Amino acid sequence: MDWIVLTKLLIILISYLPQGDSGPGLIDVENGQSFQYFGCYYDSKNIKSFSIGDFTQVPDPIGSCAKAVQADGHRMFFLKNGGHCLSVQGKVEQFFQVKKSSRCVNGLGGNGLMDVYVFSNVTVSCPVGIRRFLNPYCLRLMKKEINDSKRAYQLVPTFLNLFPGLNATSGQLVKIYQKEPINARWMGIYTAITPRNYLIATKFLNKTNGKEFETVDDYKAVLKFMIESQYSVIPKEQHKYFQLYFMQPDKPFGRLTRLCNWREDRIFTDQRFAGINPMSIQRISGSKAKAGVQWSSLQTKLSDTFNWEAATVDALGMQTTLAEAINRGHVFVLHYPVLDGIPSRNETPSTVKNRKLMSAVSPIAVFVSKPSRDKNQSNKIIPVAIQMGHTKDSPVFTPKDGDQWLLAKQTVQVADFVYAGSVEHLLKTHLLIEPICVAVRRHFHKLHPLRQILQFHCRGVLGTNRFFIKTLTGIHGTSDRLFGVGYNGGYAIMKRAFKDLTWDDTDFPANIKKRGLDDKSKVPYFPYRDDGELIHTSIKNMLNEYVKLYYKHTCHVRFDPELQNFANEVSFEGKFKPDGGHGMYTELKYGNQYE
Ligand SMILES: *[C@@H]1O[C@H](CO)[C@@H](O)[C@H](O)[C@H]1NC(C)=O
Ligand SMILES: *[C@@H]1O[C@H](CO)[C@@H](O)[C@H](O)[C@H]1NC(C)=O
Ligand SMILES: *[C@@H]1O[C@H](CO)[C@@H](O)[C@H](O)[C@H]1NC(C)=O
Ligand SMILES: *[C@@H]1O[C@H](CO)[C@@H](O)[C@H](O)[C@H]1NC(C)=O
Ligand SMILES: *[C@@H]1O[C@H](CO)[C@@H](O)[C@H](O)[C@H]1NC(C)=O
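Numbering (mature numbering (1 follows the signal peptide of the UniProt record, and there is no 0)), first residue to last: -22 to -1, 1 to 573.
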């Protein structure tokens, strides 16, 4: 064994093995209180203790000490020097400040060491910490808690059969949430707002008697009705959460929400970078580049009869070729490959009065980043053309096409909304996080530092995904009636997106790079990227500090069984029985268990 092997072995022994020993559990004493082993500690001046007697020679030193101490009504006691019995004044928690040892012998302490015991009728508040820093008493409690939660919370396939979810009905989940303060409060708010909104919507439909929306004023009217109805029931101090944004142009993104602007190309473009879906626009790249979409692959879908080169170069207003503009990062595309070929909702017979659905399509929009002749002005992104579908025979419209151009932009907005609602929102936020939140409950005990912080991230997640999910996303549900692709189409889109989804997709900076949107001179206005970067950095810094509070060394991470078991369960590649792989995240890296 060389020095390196020895140090490696020592690291393993010192960092992990002693923690595996949780000591004896509950011990019963005849005619007395039962008591539990608490832990082995170095003798400390800060512990106020009284000698009860020397029990080294009696047959059951620990039990005898317990009986003797209890007669005086103390909470705990300890033995040292192989059986010398002492009682302790004050709270059990004072021992969390004392240095732990692993060198006590036979539960009787040792030279300068205390083997501490606590009576069973005493409640102890264990500190937050990873397993290696918990004493045997707290470790026993935590192991029991994990054992119980692993049976209470099971990951099973859900009705959409994409990511797995919690095996619980709404009714069972309500009972779970009622016992948890943060989720109980969330549930209170949720169950107050949901029926209220439903009632307001019903009132509006009743009032307008199902009249079609025909003008901008019709849309204004529904928003106004909604907000005024909220104002009439919510306390005044909450009114700030319900505001008529389009009447306040000075608010952030005011120009996007000002209704008189919506037809402008500028607004259409800005919505790609500051709207509900900033995730689809990408740079078009040449054959060598790794970021964005390659022109050659996009070309297999683009119309051969439309002159893309002329339209792009004209829009750029530069002396260049399409190939050069692409190589220099000036050309962008907005498209939705998961929508390609998705059929529309079958509406025969018509289920919604007065409605005739247009066919669902998968449009492709091309943009350029146009430099200004004034070097002090930043580039402007402008739309070049919209192809009305993903097949070569689809018509292509440009800003010169008047009303047809407006219709083309609306077609993009509709596709964008369908994509954003089903993939970016439902699949990649609600459904993606559920297995994480279930695995957090299963593998991290309540005092684990990662449970402490993740429980806030998981607040309400299981409830939102359970309480009305079938009403919203099921067959004949809201999205079935709202989206042109209906339930079947929406489900097919999510299945496609789920197949391609990996853990890497949740990496914010990598996503911006992968789409080729990190060049700020080409894409100057991109609040999702720029605000996101600030938020991402703050979260990262905060979490780095938080993690370092509890994990001082890499080995603390590697030898944290709770963390490793969690990773084993959520990672698709997780192999260790019985939980490995259930969470289904592909590309979520995890080490070999405890390695
Ligand atoms: C525990 O029980 C013993 C006797 O059964 C009693 O003397 C003692 O006060 C109790 N301690 C607490 C904290 O309830
Ligand atoms: C976990 O709970 C089961 C069922 O109650 C029990 O049989 C088992 O011994 C427990 N395991 C631990 C480590 O507590
Ligand atoms: C899910 O819960 C149901 C009802 O409580 C139970 O019968 C079933 O065995 C559970 N399935 C799993 C995989 O835990
Ligand atoms: C709908 O309107 C009718 C008459 O205008 C009224 O009698 C009924 O109560 C209303 N229903 C709801 C749910 O508001
Ligand atoms: C560009 O900005 C610089 C520094 O602000 C200024 O000195 C210069 O006059 C500006 N040039 C033009 C053409 O506006």
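From the three backbone atoms N, C-alpha and C, an ideal C-beta is built for every residue, glycine too. Note that the coordinates shown come from a computational prediction; the quantities given were computed from them, not determined experimentally.
(message) Whole angstroms are fine: how far does the CA of Val439 sit from the CA of residue 609?
(response) Outside the displayed range of the chain (-22 to 573) lies residue 609, so it cannot be described from this structure.
(request) Using 10 angstroms around the beta-carbon of Asp93, count the other beta-carbons present and answer buried if the total reaches 16, otherwise exposed. (result) As a working mapping, residue 93 is identified with position 115 in the sequence shown. With 16 or more other Cβ atoms within 10 Å, it is buried.
(message) Just verifying my parser: in three-state terms, what is the DSSP assignment at Met92?
(response) Indexing the sequence shown from 1 puts residue 92 at position 114. Taken through DSSP and simplified to helix, strand or coil, Met92 comes out as strand.
(request) Measure from the alpha carbon of Asp154 to the alpha carbon of each residue in Pro135, Ser127 and Ile254, then state which is nearest. (result) The sequence position of residue 154 within the sequence shown is 176, counting from 1. For the sequence presented, residue 154 should be read as Ile rather than Asp. The residue with the shortest Cα to Cα distance from Ile154 is Ser127.
(request) Could you name the residues of the same chain whose beta carbon sits closer than 7 Å to that of Glu565, not counting the 5 residues immediately before and after it, in chain order? (result) Residue 565 sits at position 587 when you count from the first residue of the sequence shown. Answer for Glu565: Thr480, Trp481 and Asp482, listed in chain order.
(request) Below 6 Å CB to CB, which residues in the same chain sit around Asp(-2) once its five sequence neighbours on both sides are set aside? (result) Here residue -2 corresponds to residue number 21 of the sequence shown, with the count starting at 1. Its pLDDT being 44, under 50, Asp(-2) is placed unreliably by the model, and the measurement read from it follows with that caveat. Excluding sequence neighbours, Asp(-2) sits near nothing in its chain.
(message) Spatial neighbours of Glu314 within its chain, please: C-beta separation below 6 Å, excluding the five flanking residues on both sides.
(response) As a working note, residue 314 is residue 336 in the sequence shown. In the sequence as presented, Glu is not what sits at residue 314; that position holds Tyr. These residues qualify, in order along the chain: Ser340, Ala393 and Tyr397.
(request) Classify Gly559 as helix, strand or coil using the three-state DSSP reduction. (result) Translated into positions along the sequence shown, residue 559 becomes position 581. Looking at Gly559 - three-state DSSP - the assignment turns out to be coil, as it is neither helix nor strand.
(message) Using only the alpha-carbon positions, how far apart do Gly399 and Thr451 sit?
(response) Taking the first residue of the sequence shown as 1, we reach residue 399 at position 421. Taking the first residue of the sequence shown as 1, we reach residue 451 at position 473. Their backbone Cα atoms lie some 11 Å apart in a straight line.
(request) Under 6 Å from any heavy atom of ligand 3, by CB: list those residues in chain order, please. (result) Gln132, Val134 and Asn145
(message) I'd like to confirm the pairing. Which residues does DSSP put opposite Leu4 in its beta bridges?
(response) Counting from 1 along the sequence shown, the entry for residue 4 is found at position 26. Answer is Gln14, bridged to Leu4.
(request) Note the first and the last residue of the continuous beta strand (DSSP E) segment covering Ile171. (result) Here residue 171 is taken as the residue at index 193 of the sequence shown, counted from 1. Ile171 -> not in any beta strand (DSSP E); alpha helix (DSSP H) instead, spanning Pro159 to Thr186.
(request) Using beta-carbon positions only, say whether Ile171 and Ile320 come within less than 8 Å of one another. (result) As a first step, residue 171 is located in the sequence shown; it is residue number 193 there, counting from the start. As a first step, residue 320 is located in the sequence shown; it is residue number 342 there, counting from the start. Going by C-beta atoms, Ile171 is not nearer than 8 Å to Ile320.
(request) May I have the straight-line CA-CA distance separating Asp557 from Leu138, to the nearest angstrom? (result) Residue 557 sits at position 579 when you count from the first residue of the sequence shown. Residue 138 sits at position 160 when you count from the first residue of the sequence shown. Taking the straight line joining both Cα atoms gives about 21 Å.
(message) Between the stretch 142 to 154 and the stretch 428 to 436, can you find at least three pairs of beta-carbon atoms closer than 8 Å?
(response) No contact exists between the stretch 428 to 436 and the stretch 142 to 154.
(message) If contact is defined by three or more beta carbon pairs under 8 Å, each pair taking one atom from either stretch, is the stretch 402 to 409 in contact with the stretch 504 to 523?
(response) no
(message) Quick check: the Cα distance between Thr456 and Thr449, rounded to an integer number of angstroms?
(response) Working through the sequence shown from its first residue, we reach residue 456 at position 478. Working through the sequence shown from its first residue, we reach residue 449 at position 471. Going by C-alpha positions, Thr456 is about 6 Å away from Thr449.
(message) Looking at Phe310: is its Cβ nearer than 8 Å to the Cβ of Ile342?
(response) Walking along the sequence shown from the start, residue 310 turns up at place 332. Walking along the sequence shown from the start, residue 342 turns up at place 364. No, these two residues do not count as a Cβ contact at 8 Å.
(request) Just the C-alpha distance for Lys567 and Ser549, rounded to the nearest angstrom, thanks. (result) Within the sequence shown, residue 567 is the residue found at index 589, counting from 1. Within the sequence shown, residue 549 is the residue found at index 571, counting from 1. If I take the Cα positions, the gap works out to 7 Å.
(request) Can you tell me which of the three DSSP states Gln272 falls into? (result) On the sequence shown, position 294 is the one that residue 272 refers to. Of the three classes helix, strand and coil, the one that applies to Gln272 here is strand, per DSSP.
(request) Identify whether Arg333 lies in helix, strand or coil by the three-state DSSP scheme. (result) Within the sequence shown, numbered from 1, the residue matching residue 333 stands at position 355. Three-state DSSP puts Arg333 in coil, outside helix and strand.
(request) Would you identify the three-state DSSP class for Asp(-2), choosing helix, strand or coil? (result) Position 21 of the sequence shown holds residue -2. For Asp(-2), the pLDDT reaches just 44, beneath the cut-off of 50, and the residue's location in the model is therefore unreliable, leaving the point undetermined.
(request) Measure the alpha-carbon distance for Lys23 versus Val76 and round it to whole angstroms. (result) Looking up residue 23 in the sequence shown gives position 45. Looking up residue 76 in the sequence shown gives position 98. Spanning the two alpha carbons is a distance of roughly 10 Å.
(request) Assuming Gly88 contacts Gly68 (C-beta within less than 8 Å), just tell me the rounded distance between them. (result) As a first step, residue 88 must be located in the sequence shown, where it is residue number 110. As a first step, residue 68 must be located in the sequence shown, where it is residue number 90. That belief does not hold up - the Cβ atoms of Gly88 and Gly68 are roughly 23 Å apart, past 8 Å.
(request) For Tyr524, write down the residues that DSSP places opposite it in a beta bridge. (result) Within the sequence shown, the letter at position 546 stands for residue 524. Looking at the DSSP assignment, Tyr524 forms no beta bridge with any residue, so it has no partner.
(message) Using CA atoms only, rank isn't needed, just tell me which of Pro135, Ser347, Lys26 and Arg323 is closest to Met296.
(response) Within the sequence shown, residue 296 is the residue found at index 318, counting from 1. Considering only alpha carbons, the answer is Ser347.
(request) Can you give me the Cβ contacts of Asn113 inside the same chain, cut-off strictly under 6 Å, excluding the 5 residues immediately before and after it? (result) If you number the sequence shown from 1, residue 113 lands on position 135. Excluding positions up to five away in sequence, the list reads Gly17.
(request) Assign Val83 to buried or exposed, taking buried as 16 or more other Cβ atoms, counted over all protein chains shown, within 10 Å of its Cβ. (result) Within the sequence shown, residue 83 is the residue found at index 105, counting from 1. Exposed, by the Cβ-count rule.
(message) List, from N- to C-terminal side, the alpha helix (DSSP H) runs of 4 residues or more that fit wholly inside the stretch 470 to 510.
(response) Complete alpha helix (DSSP H) runs here, min 4: 486 to 492.
(request) Rounded to whole angstroms, what's the CA-CA distance from Val344 to Lys518? Just pull it up for me. (result) Translated into positions along the sequence shown, residue 344 becomes position 366. Translated into positions along the sequence shown, residue 518 becomes position 540. In a straight line, the C-alpha of Val344 is about 35 Å away from that of Lys518.
(message) Taking 6 Å as the limit between beta carbons, can you name the residues of its chain near Pro427, skipping five residues before and five after?
(response) Working through the sequence shown from its first residue, we reach residue 427 at position 449. Close CB contacts of Pro427 within its chain, under the 6 Å cut and outside five residues either way in sequence, are with Val106 and Tyr528 (chain order).
(request) Evaluate His368 with the Cβ neighbour count: other Cβ atoms within 10 Å of its Cβ, from every protein chain shown; 16 or more gives buried, anything less gives exposed. (result) By one-based count along the sequence shown, residue 368 stands at place 390. Counting other Cβ atoms within 10 Å of its Cβ, His368 reaches 16 or more and is therefore classed as buried.
(message) Need the endpoints of the alpha helix (DSSP H) that Pro142 sits in, please.
(response) Numbered from 1 along the sequence shown, position 164 holds the residue referred to as residue 142. Run containing Pro142: none; DSSP gives neither H nor E here.
(message) Please report the straight-line C-alpha distance between Thr389 and Gly270, rounded to a whole angstrom.
(response) Position 411 of the sequence shown, counting from 1, holds the residue named residue 389. Position 292 of the sequence shown, counting from 1, holds the residue named residue 270. Taking the straight line from one Cα to the other gives about 23 Å.
(request) Decide if Asn175 is buried, meaning its Cβ has at least 16 other Cβ atoms within 10 Å, or exposed. (result) Position 197 of the sequence shown, counting from 1, holds the residue named residue 175. When all chains shown are included, Asn175 counts as exposed.
(request) Could you tell me the distance, in whole angstroms, from the CA atom of Ile25 to the CA atom of Phe97? (result) Here the question's residue 25 lines up with position 47 in the sequence shown. Here the question's residue 97 lines up with position 119 in the sequence shown. Computed Cα separation, rounded: 17 Å.
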